[in-house]
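If you read the sequence shown in the numbering used here, its first letter stands for residue 26, the second for the next number, and so on.
Even glycine gets a Cβ: it sits at the ideal position worked out from N, Cα and C.
All values derive from a computational prediction rather than experimental measurement.
The next block holds one structure in the form of structure tokens; read it before the comments.
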Amino acid sequence: MEKILSLSSVRRVCFISIALLLSTLCSCHERELCYDHSHVSPVNVSFDWSEAVDATPGTMVVWFFPVDGSQGRRYELLDLSKYYPEYEGRGGSVFDTQIMVAPGEYYVLCHNGSTENNIESGNTFDNYCLSTYDDNLLSPLNRTATAPRPDVSEQQPVRMPANELWAHALETTVRVEQSATTPVEVRFTPARSHVTCHIKISYVKNLSPTLDISAIITGVAESYSPSLGLCGGSEVTVPFKVSHCGSDCLTATVIIFGDNAPHDVCHWLRLYTSYNYYYDFNITDQIHAAAGRKDIYINLSGLNLHTPEGGGLQPGVGGWKDSEKQDIIM
């Protein structure tokens with residue numbers, strides 16, 4: 026019995042010794058990490074919505090791009106009023122917050138996030154932009170096959186419509202000092218950066234309630250650059266849904282990034298119907314006349330729709346039939 030007690034005592038001493046040793050090793054390891062890491066400093070981020078009083082962003086994305094061209098730092102700010110009652114009633118200031126940023130000198134920009142179609146690309150302040158996903162020409166009709174395109178747009182990528190975009194890039198750099206105790210103040214003034222095309226076609230003949238219609242607009246800008254405050258990229262074709270607005274009226278709204286300057290690209294509006302006919306409108310003059318505007322109104326009048334051969338709906342996409350190009354009546 027005495028031998029058993031002695032053995033138990035020895036084990037207890039060994040366990041205690043090992044625990045103390047591990048505790049000592051862990052403590053040393055934590056001190057080494059503390060000495061090695063870069064000390065971040067506070068930055069107060071706030072927003073002035075006077076240039077976008079109707080903006081309804083889901084989140085706000087803030088980028089800090091080091092001036093040396095190294096990897097930027099992305100922060101996505103939440104609308105805290107959705108999660109904490111004390112933030113309700115703050116209006117546009119719901120995104121105002123403090124973030125921690127590593128020391129350095131930065132180019133800084135912001136735009137709204139949490140969108141369905143807008144995607145971010147680029148890794149420096151100069152090449153960072155917003156664009157949209159690839160799309161199918163007939164996706165608004167829930168079809169995946171191809172369809173005829175205007176000759177001038179045959180080589181253009183097909184991209185989804187843009188989502189609403191509010192953006193701002195600071196004109197001066199921001200310097201964050203190491204281990205600063207006083208926060209750096211960064212204040213953005215986001216402004217509307219997307220263009221909305223409002224399309225209406227009146228006096229439409231043979232408009233059946235069962236007729237599905239989609240459209241494309243050709244030659245519009247592929248992307249938007251917050252650093253330049255301009256649209257850019259190549260020219261793309263954007264498909265979108267067309268709705269009935271009465272027994273003889275069609276309407277549609279499509280958001281784009283804009284029209285690239287110089288404004289010398291031809292723009293076509295082509296309608297596709299579920300009867301496998303397509304109809305062309307040259308809307309170049311309307312687009313170019315609205316250069317610099319955030320809302321473009323395209324009002325057309327007089328469209329004679331064809332009825333399906335045999336009197337029934339044609340479910341396929343083969344055998345598309347051209348129509349005479351439509352004269353624009355303002």
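Counting C-beta pairs closer than 8 Å gives three or more between the region 250–264 and the region 165–181, which meets the contact rule. It is roughly 29 Å from the alpha-carbon of residue 191 to the alpha-carbon of residue 270.
For residue 269, the enclosing beta strand (DSSP E) covers residues 255–269. Counting only the Cα atoms, residue 251 lies some 14 Å from residue 99.
Per DSSP, the unbroken beta strand (DSSP E) holding residue 305 starts and ends at 302–307. By the Cβ-count criterion, residue 125 is exposed, with fewer than 16 other Cβ atoms from all chains shown falling within 10 Å of its own Cβ. Between residue 283 and residue 220 the beta-carbon gap is near 5 Å, inside 8 Å, which marks them as a contact. Rounded to whole angstroms, the Cβ separation of residue 138 and residue 214 is 17 Å, and the two are not in contact under 8 Å. Put simply, the backbone Cα of residue 218 is about 25 Å away from that of residue 164. Looking at the DSSP output, residue 131 shares a beta bridge with 91 and 199. In the DSSP assignment, residue 320 falls within the beta strand (DSSP E) that extends over 320–329. Between residue 223 and residue 157, the gap from beta carbon to beta carbon reaches 7 Å or more. Between residue 267 and residue 238, the CB-CB gap stays under 7 Å. Here residue 78 carries a coil assignment [DSSP, helix/strand/coil]. Distances from the CA of residue 321 to each of 330, 281, 302 and 93 were compared; the closest alpha carbon is that of 281. Taking C-beta separations shorter than 6 Å and ignoring five residues to either side along the sequence, the partners of residue 276 in its chain run 225, 268 and 270, following chain order. The secondary-structure analysis by DSSP pairs residue 213 across a beta bridge with 72. Residue 122 is positioned such that its CB atom lies closer than 7 Å to that of residue 70. Judged by DSSP secondary structure, residue 179 falls outside any beta strand (DSSP E); it is assigned neither H nor E.
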